[in-house]
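Peer 1: Dropping a structure here in structure tokens format, bear with me for questions.
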Amino acid sequence: MAAMAKQTSTTAKPATGEPIVQLIGVNKWYGEFHVLRDINLSVNKGERIVICGPSGSGKSTMIRCINRLEEHQKGRIIVDGTELTNDLKKIDEIRREVGMVFQHFNLFPHLTILENCTLAPIWVKKMPKKDAEEIAMKYLTRVKIPEQAHKYPGQLSGGQQQRVAIARSLCMSPKIMLFDEPTSALDPEMVKEVLDTMVSLAEEGMTMLCVTHEMGFARQVANRVIFMDAGQIVEANEPNEFFRNPQHERTKLFLSQILH
Amino acid sequence: MAVQSLSGGSLSYVQARQSDPLPPPTLVRGPIAWARQNLFSSVPNTILTLVVLYLLYLLVPPLVRFLFIDAVWTGADRAACREDMAGRPVGACWAFVVDRIGYFTYGAYPVAERWRVDVWFAMLAFGLGWLLWLKAPRRDIGAAYFFIVFPIASFVLLTGWRAIGLEPVSTAFWGGILVTLLVSVVGIVFSLPFGILLALGRRSKLPLVRLACVIFIEVIRGVPLITVLIMANTMLPLFLPAGITVDRLLRPLVGVAIFASAYMAEVVRGGLQAVPKGQYEGAMSLGLGYWRMMGLIVLPQALRIVIPGIVNTFIGLFKDTSLVYVIGVFDLMKTIESARIDPQWAAPTVSNTGYAFAALFYFLCCFGMSRYSLMVERRLAAGQRR
Ligand SMILES: Nc1ncnc2c1ncn2[C@@H]1O[C@H](COP(=O)(O)OP(=O)(O)O)[C@@H](O)[C@H]1O
Ligand SMILES: [Mg+2]
Chain X
18 MAAMAKQTST TAKPATGEPI VQLIGVNKWY GEFHVLRDIN LSVNKGERIV ICGPSGSGKS
78 TMIRCINRLE EHQKGRIIVD GTELTNDLKK IDEIRREVGM VFQHFNLFPH LTILENCTLA
138 PIWVKKMPKK DAEEIAMKYL TRVKIPEQAH KYPGQLSGGQ QQRVAIARSL CMSPKIMLFD
198 EPTSALDPEM VKEVLDTMVS LAEEGMTMLC VTHEMGFARQ VANRVIFMDA GQIVEANEPN
258 EFFRNPQHER TKLFLSQILH
Chain Y
251 MAVQSLSGGS LSYVQARQSD PLPPPTLVRG PIAWARQNLF SSVPNTILTL VVLYLLYLLV
311 PPLVRFLFID AVWTGADRAA CREDMAGRPV GACWAFVVDR IGYFTYGAYP VAERWRVDVW
371 FAMLAFGLGW LLWLKAPRRD IGAAYFFIVF PIASFVLLTG WRAIGLEPVS TAFWGGILVT
431 LLVSVVGIVF SLPFGILLAL GRRSKLPLVR LACVIFIEVI RGVPLITVLI MANTMLPLFL
491 PAGITVDRLL RPLVGVAIFA SAYMAEVVRG GLQAVPKGQY EGAMSLGLGY WRMMGLIVLP
551 QALRIVIPGI VNTFIGLFKD TSLVYVIGVF DLMKTIESAR IDPQWAAPTV SNTGYAFAAL
611 FYFLCCFGMS RYSLMVERRL AAGQRR
């Protein structure tokens, strides 16, 4: 961990190794509405992907398919060597390996911060309570809010809640982290604290898929930026190239709208 | 001070003289002010106040006179409660209740064995206290006691078991408050878990489970409790293999439990619907399976939301248990009904006294439940603000 933290520029580190997430010809419909069209995406271990695109383009749907919060109807999704099928056991196994951070945090309001963090390790991983609390405190310290451990989520600011949500996911030692617009529900002054946490996570080599419109974050940590529109991956490129030299009209239009 | 020092200067915009204090607002405090603000603030309000006061005047004094002033507190038989024999106006005949309190409490449970019922009352109070006292130590053991140990112990204690020296007592002899509490507790203890299961089933993804739960809930809710009780009484034996007889007290217990479960299911469903989708997703994304997600995340929040509805159902159930008398079970109401026509206590006010006693008993229990739920709600609201 220490060696990784020393690293100065994260983009310099090439993501090597075998694919850990693969989407092959994935299609999904909501009734008649074709929300994902022929999605092909392969994410290598340690890779950091930023997904952007207009609202309603299917970004959330796509990453939610990766931990089966949504079901795809056609194509294959393989996560860490396991294909997602209707097998409930496999789905729970994959969810253990895949952490997810939501736009609205989704912390459990009836549990303290510490209990939020220890719940899954205790009940899913069968970890003794003491060990789980130790790990939880370690991650709460990492997201810089160990002193809030005994408060309830409702007593924390939005930025703090989102950092707790990140710590809660990390307590399961996931191999992959999914972020669905983690900063869009935050007041502007809290965005940075959450992004900083995500950057430090990236620096440690976590495999990350982030739906976000924080282009500074994308430039700093992403290996690849993916642009989605109308349920398709329109363009995917290394960030400098993506921002300097977008290939498609739709990408250009979108970038002009968000980077005035 | 500042005003004084400046008053001699040339600052024309500064007030030269300290202004007099405003007169104090008239009558903001005190009972008269309160009455003026709240009871006589307008003409319709004043009329309403007067009407209510008049109704209270009509109702309260006679009630107080009947229940307390003219009441007879001691006496061995009807002689004490008859105006012609007592030689004074007679209100409530509490002597009758005092004389028959054993019957009202235990029914025809053999006098020599009534200590067993007393032990049962104590066990019930102990278990309830443990569960209801929010800060009690080890409430998990309390729950295990109440839901596992207590039912088994109750069964052995009340029905008897020769091997340990407890004479069997047929349920035909049970009665009074014992039966009222027993039916209520069984209804309450069963309706919550079954109601939760039914509510979950109604929201299940499995069509057959969903259909079964919907049919069960809607059929039971669409039928009066009396019908359910009569059906439990006459039809339950038909469903069972010949030769197996169902205890006459067990039948209404089953009926009440089924009836209450269907109502509870709808209350719980309301709570489940109020839990945001994000809570389910947060739990699923951590790898929690269905039952853990429900048990640890969704239900604790859902049940908290519907505490008022749950308690409301309990209160309704508690009072509705008085209907078991239609199938010949001697609950509190039925014991009063049969005691009040006893010639030994034939006096004009005996019946009303019996009913007043029942009303008091039911009211105290229900009011207690209502107050307790308010207290819990307030406590929970203070615990975690969103
Ligand atoms: N549960 C659903 N049922 C029907 N349509 C949905 C559902 N969820 C999302 N959609 C539709 O799918 C499209 C993609 O949604 P989403 O993936 O949330 O987009 P994004 O995250 O890119 O804004 C939107 O048009 C949305 O209205
Ligand atoms: Mg979205």
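Residue numbers (my numbering), protein chains in the order written: chain X, 18 to 277; chain Y, 251 to 636. Glycine residues also receive a C-beta, built at the ideal position from the N, C-alpha and C atoms.
#1: For L630 of chain Y and K45 of chain X, I'd like the C-alpha separation in whole angstroms.
#2: Given a threshold of 16 other Cβ atoms within 10 Å of its Cβ, counted over all protein chains shown, does E301 of chain X qualify as buried or as exposed?
#3: Quick one: using the 10 Å Cβ neighbour count with 16 as the cut-off for buried, is P256 of chain X buried or exposed?
#4: Say whether the region 548-557 of chain Y touches the region 522-535 of chain Y, bearing in mind that this needs 3 or more beta-carbon pairs closer than 8 Å, one atom from each stretch.
#5: Along the chain, which unbroken stretches of the alpha helix (DSSP H) at least 4 residues long are found entirely within the region 296-378 of chain Y?
#6: Can you give me, in chain order, the residues of the region 524-535 of chain Y that have a beta carbon less than 7 Å from any beta carbon in chain X?
#7: Less than 8 Å between CB atoms is the rule here; does V141 of chain X satisfy it with respect to chain Y?
#8: For a contact meaning CB atoms closer than 9 Å, what does P550 of chain Y contact in chain X?
#9: Where are the alpha helix (DSSP H) runs, 4 residues long or more, that stay fully inside the region 98-140 of chain X, in chain order?
#10: Looking at C-alpha atoms only, which residue of X:Q165, X:I183, X:K106, X:I250 is the closest neighbour of L212 of chain X?
#11: Taking a cut of 7 Å between CB atoms, which residues from the region 231-258 of chain X lie near chain Y?
#12: Could you give the DSSP three-state label for C82 of chain X: helix, strand or coil?
#13: Helix, strand or coil: how does DSSP classify T268 of chain X here?
#14: Taking DSSP as the reference, what is the three-state secondary structure of A22 of chain X?
#15: Check each candidate in Y:A422, Y:V504, Y:A403 and name the one with the smallest Cα separation from I414 of chain Y.
#16: Count Cβ pairs between the region 74-89 of chain X and the region 222-237 of chain X that sit closer than 8 Å; are there 3 or more?
#17: Between V52 of chain X and ligand 1, is there a pair consisting of the residue's CB and a ligand heavy atom that are separated by less than 7 Å?
#18: Any idea what DSSP makes of E221 of chain X, helix, strand or coil?
#19: According to the Cβ coordinates, are L136 of chain X and L128 of chain X closer than 8 Å?
#20: Assuming G377 of chain Y contacts F400 of chain Y (C-beta within less than 8 Å), just tell me the rounded distance between them.
#21: Identify which residue in Y:P558, Y:I560, Y:G528, Y:S620 has its Cα closest to the Cα of I547 of chain Y.
#22: Using a threshold of 8 Å, state whether the C-beta atoms of T585 of chain Y and G357 of chain Y are closer than that.
#23: Report the three-state DSSP secondary structure of Q90 of chain X (helix, strand or coil).
#24: According to the neighbour-count rule (16 or more other Cβ atoms, all chains shown, within 10 Å of its Cβ), is H121 of chain X buried or exposed?
#25: Using 10 angstroms around the beta-carbon of A29 of chain X, count the other beta-carbons present and answer buried if the total reaches 16, otherwise exposed.
#26: Rounded to whole angstroms, what's the CA-CA distance from V60 of chain X to V439 of chain Y? Just pull it up for me.
#27: Counting along the chain, where does the beta strand (DSSP E) carrying W46 of chain X start and finish?
#28: For ligand 1, is there a heavy atom less than 7 Å away from the beta-carbon of G639 of chain Y?
#29: Do the CB positions of L431 of chain Y and L475 of chain Y come within less than 8 Å of each other?
#30: Tell me whether E8 of chain X counts as near ligand 2, meaning its Cβ is closer than 7 Å to at least one heavy atom of that ligand.
#31: If you reduce the DSSP assignment to three classes, tell me which class W380 of chain Y lands in.
#32: Have a look at S186 of chain X and L536 of chain Y and give me their C-alpha separation to the nearest angstrom.
#33: With 8 Å as the threshold, decide whether the Cβ of M117 of chain X is near any Cβ in chain Y.
#34: If you draw a straight line from the alpha carbon of A252 of chain Y to that of S269 of chain Y, how long is it in whole angstroms?
#35: According to the neighbour-count rule (16 or more other Cβ atoms, all chains shown, within 10 Å of its Cβ), is E198 of chain X buried or exposed?
#36: If we ignore side chains and look at the alpha-carbon of each, how far apart do C616 of chain Y and S454 of chain Y end up?
Peer 2: If we stick to the structure as given:
#1: Position 380 of the second sequence, counted from the start, is the residue given in the question as residue 630 of chain Y. Position 28 of the first sequence, counted from the start, is the residue given in the question as residue 45 of chain X. Computed Cα separation, rounded: 42 Å.
#2: Shown here, chain X extends from 18 to 277; a query on residue 301 of chain X therefore has no answer.
#3: To locate residue 256 of chain X, count along the first sequence from 1; it is residue 239. Buried, because 16 or more other Cβ atoms sit within 10 Å of the Cβ of P256 of chain X.
#4: yes
#5: 333-336, 344-356
#6: G528, Q529, E531, G532, M534, S535
#7: What you label residue 141 of chain X is simply residue 124 of the first sequence in a count that begins at 1. It does; some Cβ of chain Y falls within 8 Å.
#8: If you number the second sequence from 1, residue 550 of chain Y lands on position 300. Within chain X, the residues near P550 of chain Y are F125, H127, L128.
#9: 105-114, 130-140
#10: Taking the first sequence and counting its residues from 1, one reaches residue 212 of chain X at position 195. That would be X:I183, whose Cα lies nearest to the Cα of L212 of chain X.
#11: none
#12: In the first sequence, the residue the question calls residue 82 of chain X occupies position 65. Here C82 of chain X sits in helix by DSSP.
#13: Here residue 268 of chain X refers to the residue found at position 251 of the first sequence. The answer is helix: DSSP assigns T268 of chain X an H, G or I state.
#14: Here the question's residue 22 of chain X lines up with position 5 in the first sequence. Because A22 of chain X sits at a pLDDT of 39, beneath the cut-off of 50, its placement in the model cannot be relied upon, and the following sentence gives the value as read from the coordinates. Helix at A22 of chain X.
#15: Working through the second sequence from its first residue, we reach residue 414 of chain Y at position 164. Cα-wise, what sits closest to I414 of chain Y is Y:A403.
#16: Between the region 74-89 of chain X and the region 222-237 of chain X there are three or more C-beta pairs closer than 8 Å, enough to call the two in contact.
#17: Residue 52 of chain X sits at position 35 when you count from the first residue of the first sequence. Flag set: Cβ of V52 of chain X near ligand 1.
#18: Start at 1 with the first residue of the first sequence, and residue 221 of chain X comes out as number 204. Three-state result, E221 of chain X: coil.
#19: Locating residue 136 of chain X in the first sequence gives position 119, where the first residue counts as 1. Locating residue 128 of chain X in the first sequence gives position 111, where the first residue counts as 1. At the C-beta level, L136 of chain X and L128 of chain X come within 8 Å of one another.
#20: For the purposes of this step, residue 377 of chain Y is identified with residue 127 of the second sequence, where counting begins at 1. For the purposes of this step, residue 400 of chain Y is identified with residue 150 of the second sequence, where counting begins at 1. Between F400 of chain Y and G377 of chain Y the Cβ distance is about 5 Å, and since that is below 8 Å, they are a contact.
#21: Residue 547 of chain Y sits at position 297 when you count from the first residue of the second sequence. Distances from the CA of I547 of chain Y to each of Y:P558, Y:I560, Y:G528, Y:S620 were compared; the closest alpha carbon is that of Y:G528.
#22: Within the second sequence, residue 585 of chain Y is the residue found at index 335, counting from 1. Within the second sequence, residue 357 of chain Y is the residue found at index 107, counting from 1. Yes, they are a contact pair.
#23: As a working mapping, residue 90 of chain X is identified with position 73 in the first sequence. Assignment of Q90 of chain X by DSSP, reduced to helix, strand and coil, places it in the coil class.
#24: Taking the first sequence and counting its residues from 1, one reaches residue 121 of chain X at position 104. A residue is called buried when at least 16 other Cβ atoms come within 10 angstroms of its Cβ; H121 of chain X meets this threshold and is buried.
#25: As a working note, residue 29 of chain X is residue 12 in the first sequence. Low per-residue confidence applies at A29 of chain X: pLDDT is 39, beneath 50, and the placement is therefore not dependable, though the value from the model is reported in the following sentence. Answer is exposed; the Cβ neighbour count stays below 16.
#26: Taking the first residue of the first sequence as 1, we reach residue 60 of chain X at position 43. Taking the first residue of the second sequence as 1, we reach residue 439 of chain Y at position 189. About 52 Å.
#27: Taking the first sequence and counting its residues from 1, one reaches residue 46 of chain X at position 29. Here the beta strand (DSSP E) through W46 of chain X covers 36-47.
#28: Beyond the ends of chain Y as shown, which are 251 and 636, falls residue 639 of chain Y; an answer cannot be given.
#29: As a working mapping, residue 431 of chain Y is identified with position 181 in the second sequence. As a working mapping, residue 475 of chain Y is identified with position 225 in the second sequence. The answer is no: Cβ separation not under 8 Å.
#30: Because chain X in this structure spans residues 18 to 277, residue 8 of chain X falls outside the shown range and cannot be described.
#31: In the second sequence, residue 380 of chain Y corresponds to position 130, counting from 1. Correct three-state label for W380 of chain Y: helix.
#32: For this step, residue 186 of chain X is matched to residue 169 along the first sequence. For this step, residue 536 of chain Y is matched to residue 286 along the second sequence. Cα to Cα, S186 of chain X sits roughly 7 Å from L536 of chain Y.
#33: Taking the first residue of the first sequence as 1, we reach residue 117 of chain X at position 100. Judged by the 8 Å Cβ criterion, M117 of chain X is in contact with chain Y.
#34: Working through the second sequence from its first residue, we reach residue 252 of chain Y at position 2. Working through the second sequence from its first residue, we reach residue 269 of chain Y at position 19. Here A252 of chain Y scores only 48 on pLDDT, less than 50, and its place in the model is too uncertain to base an answer on.
#35: On the first sequence, residue 198 of chain X is found 181 positions in, with the first residue counted as 1. E198 of chain X should be labelled buried.
#36: Within the second sequence, the letter at position 366 stands for residue 616 of chain Y. Within the second sequence, the letter at position 204 stands for residue 454 of chain Y. Their Cα atoms are separated by approximately 34 Å.
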